[in-house]
Amino acid sequence: MTIREESATPPPQEGQTGTVPPSPNSSEEQQVVEFEMFANEISDEKKLPSSGVPAAVENSDRDPPRASLMDRHGIRTQSLEDQASCLSDWFLSYLNPLLKHGSGNVIDGDDIGVPSERDRAGPTFELAHDLWEEEMERTRLINEARKAKHDARLAKMADAKRAKAKAFQPAEPSVARILLRGYGRGKCAVAMFLYVCSAVLNFLPVLILNDLVGFFEAGAPVDNWQGITLVHPWVEVVLLGLTPLLVSLLQTRSMVIFQHLAIFVRTAVSTLLYEKSLCISAAGRAATSTGQVVNMMSNDTTQLQRFIQFGGMTMVAPLQIIVALALIYQQVGNATWVGVAFM
Numbered sequence: 127m128t129i130r131e132e133s134a135t136p137p138p139q140e141g142q143t144g145t146v147p148p149s150p151n152s153s154e155e156q157q158v159v160e161f162e163m164f165a166n167e168i169s170d171e172k173k174l175p176s177s178g179v180p181a182a183v184e185n186s187d188r189d190p191p192r193a194s195l196m197d198r199h200g201i202r203t204q205s206l207e208d209q210a211s212c213l214s215d216w217f218l219s220y221l222n223p224l225l226k227h228g229s230g231n232v233i234d235g236d237d238i239g240v241p242s243e244r245d246r247a248g249p250t251f252e253l254a255h256d257l258w259e260e261e262m263e264r265t266r267l268i269n270e271a272r273k274a275k276h277d278a279r280l281a282k283m284a285d286a287k288r289a290k291a292k293a294f295q296p297a298e299p300s301v302a303r304i305l306l307r308g309y310g311r312g313k314c315a316v317a318m319f320l321y322v323c324s325a326v327l328n329f330l331p332v333l334i335l336n337d338l339v340g341f342f343e344a345g346a347p348v349d350n351w352q353g354i355t356l357v358h359p360w361v362e363v364v365l366l367g368l369t370p371l372l373v374s375l376l377q378t379r380s381m382v383i384f385q386h387l388a389i390f391v392r393t394a395v396s397t398l399l400y401e402k403s404l405c406i407s408a409a410g411r412a413a414t415s416t417g418q419v420v421n422m423m424s425n426d427t428t429q430l431q432r433f434i435q436f437g438g439m440t441m442v443a444p445l446q447i448i449v450a451l452a453l454i455y456q457q458v459g460n461a462t463w464v465g466v467a468f469m
């Protein structure tokens, strides 16, 4: 790397830029280096506005949203999801305008509009902050009661036993508790129930096909289905077509609830961590680096979000495996365990 020596060129006068052109009296190699630096500085000055901030960044907060064909759906004041009816919410038909727009145009952020009310960071933080304060107070009262019982128990002990007794371990406030309270335990239970129902219904087509195969093997007419199939064969055929639709509907609704829960958890945890980082003590700053805080606010919260998004699948997978093994065992018997051994 060639280092340019400082010349005796006087500083720029008022109204002039700080860029100095190459001196004609310097050596050829030095003139080349000075000219390259001079060209780079001129290029940088043209890219930067007077404030020293790139124009795209400087105007990003001041420019209004780009006009979009989706504006006629009121996406600037209320999201499509918040405008949807109950039926549209279940079938996700409120996304039809956006999908239709995307079929002929490139969708960007201006076409999405404002987020749903339940996903906004402001109300989420306020709710999480209030619940955290309540959880801290609840934990403090519990620790005081337990500490009093612990001290009373120690007072009744002999000196030798008191010296060997374990120290009091205070309870810690639970973040998971406030997150469940904030989003709603009922919503989480409904999402889990819907996913379990969809997982169980996934096996219904297998049972129906098994029943229909037995009916066709018997060779009986359709009117004599009693004793061969559980219900009329045509009813089973209709159920064979409706079951996938019902499974898809239940799974979609469950995943929507889990998605909102994941966004709520990530937003709440990130904002609480940010608030804590603003008022951390000097000892806390010495024990925790900035990189650790940033890592918790970005990577760790992202992992939480991803886990919750697939939480239903993780919890229901053991049930699906057990039911699948039971159905296979009915067909092939002990040969099932050979396949299990190879898994």
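Using my numbering, read the sequence shown as starting at 127 and increasing by one per residue. Positions of the beta carbon are idealized from the N, C-alpha and C atoms, including for glycine. Remember, it's a predicted structure, so these values are computed and weren't measured experimentally.
- Residues that DSSP places opposite threonine 462 in a beta bridge: Answer by DSSP bridge pairing: none, since threonine 462 is not bridged.
- Query: In the DSSP assignment, what are the bridge partners of leucine 355?
  - Reply: Correcting the residue identity first, residue 355 is threonine in this sequence and not leucine. In the DSSP secondary-structure assignment, threonine 355 is bridged to Gln352.
- Could you check what DSSP says for arginine 198 in three-state terms: helix, strand or coil? Looking at arginine 198 - three-state DSSP - the assignment turns out to be helix.
- Would you decide whether threonine 250 is buried or exposed? Buried here means 16 or more other CB atoms lie within 10 Å of its CB. When all chains shown are included, threonine 250 counts as buried.
- Message: Can you list, in chain order, the residues of its chain with a C-beta nearer than 7 Å to that of tyrosine 321? Leave out the 5 residues immediately preceding and following it.
- Response: The residues are Gln377, Ser380, Gly438 and Val442.
- Where the alpha helix (DSSP H) through valine 301 begins and ends: Going by DSSP, valine 301 is part of the alpha helix (DSSP H) stretching over 301-309.
- Message: For the structure I just gave you, are there three or more beta carbon pairs, one from the region 292-303 and one from the region 260-276, closer than 8 Å?
- Response: Yes, the region 292-303 touches the region 260-276.
- Item | Boundaries (first-last residue) of the alpha helix (DSSP H) holding asparagine 222 | Unbroken alpha helix (DSSP H) run through asparagine 222: 222-228.
- Return yes when at least one heavy atom of the ligand ATP lies under 7 Å from the C-beta of alanine 346, else no. Within the structure as shown, the ligand ATP is missing, as the structure has no ligands at all.
- Out of curiosity, what's the CA-to-CA distance linking lysine 226 and glycine 200? C-alpha separation (whole angstroms): 16 Å.
- Beta-carbon separation of tryptophan 216 and leucine 375 under 8 Å? A contact, by the Cβ cut-off of 8 Å.
- Message: Give me, in chain order, the residues of the same chain whose beta-carbon lies closer than 8 Å to that of isoleucine 434; leave out the 5 immediate sequence neighbours on both sides.
- Response: Cβ neighbours of isoleucine 434 beyond the five flanking positions: Phe384, Leu387, Ala388 and Val391.
- Does the distance from the C-beta atom of methionine 196 to that of leucine 224 stay below 8 Å? Methionine 196 is a Cβ neighbour of leucine 224, given a cutoff of 8 Å.
- Item | Sequence-distant residues of its chain with Cβ nearer than 7 Å to alanine 450 (five each side left out) | Result list for alanine 450: empty, nothing under 7 Å.
- Return the chain-ordered ranges of every alpha helix (DSSP H) run that is complete within the region 310-388 and spans a minimum of 4 residues. Scanning the region 310-388 for uninterrupted alpha helix (DSSP H) segments of 4 residues or longer gives 311-327 and 330-344, listed from N- to C-terminal end.
- Task: Count the CB pairs spanning the region 352-359 and the region 395-402 that are closer than 8 Å, and state whether there are at least three.
- Result: No: the two stretches stay apart, fewer than three of their Cβ pairs being nearer than 8 Å.
- Item | Three-state secondary structure (DSSP) of asparagine 421 | Asparagine 421 carries a helical assignment under DSSP once its states are collapsed to helix, strand and coil.
- Item | For leucine 368 and aspartate 256, the rounded distance between their alpha carbons | Rounded to whole angstroms, the separation of the alpha carbons of leucine 368 and aspartate 256 is 46 Å.
- Which residues bound the alpha helix (DSSP H) around serine 214? Its alpha helix (DSSP H) spans residues 212-217.
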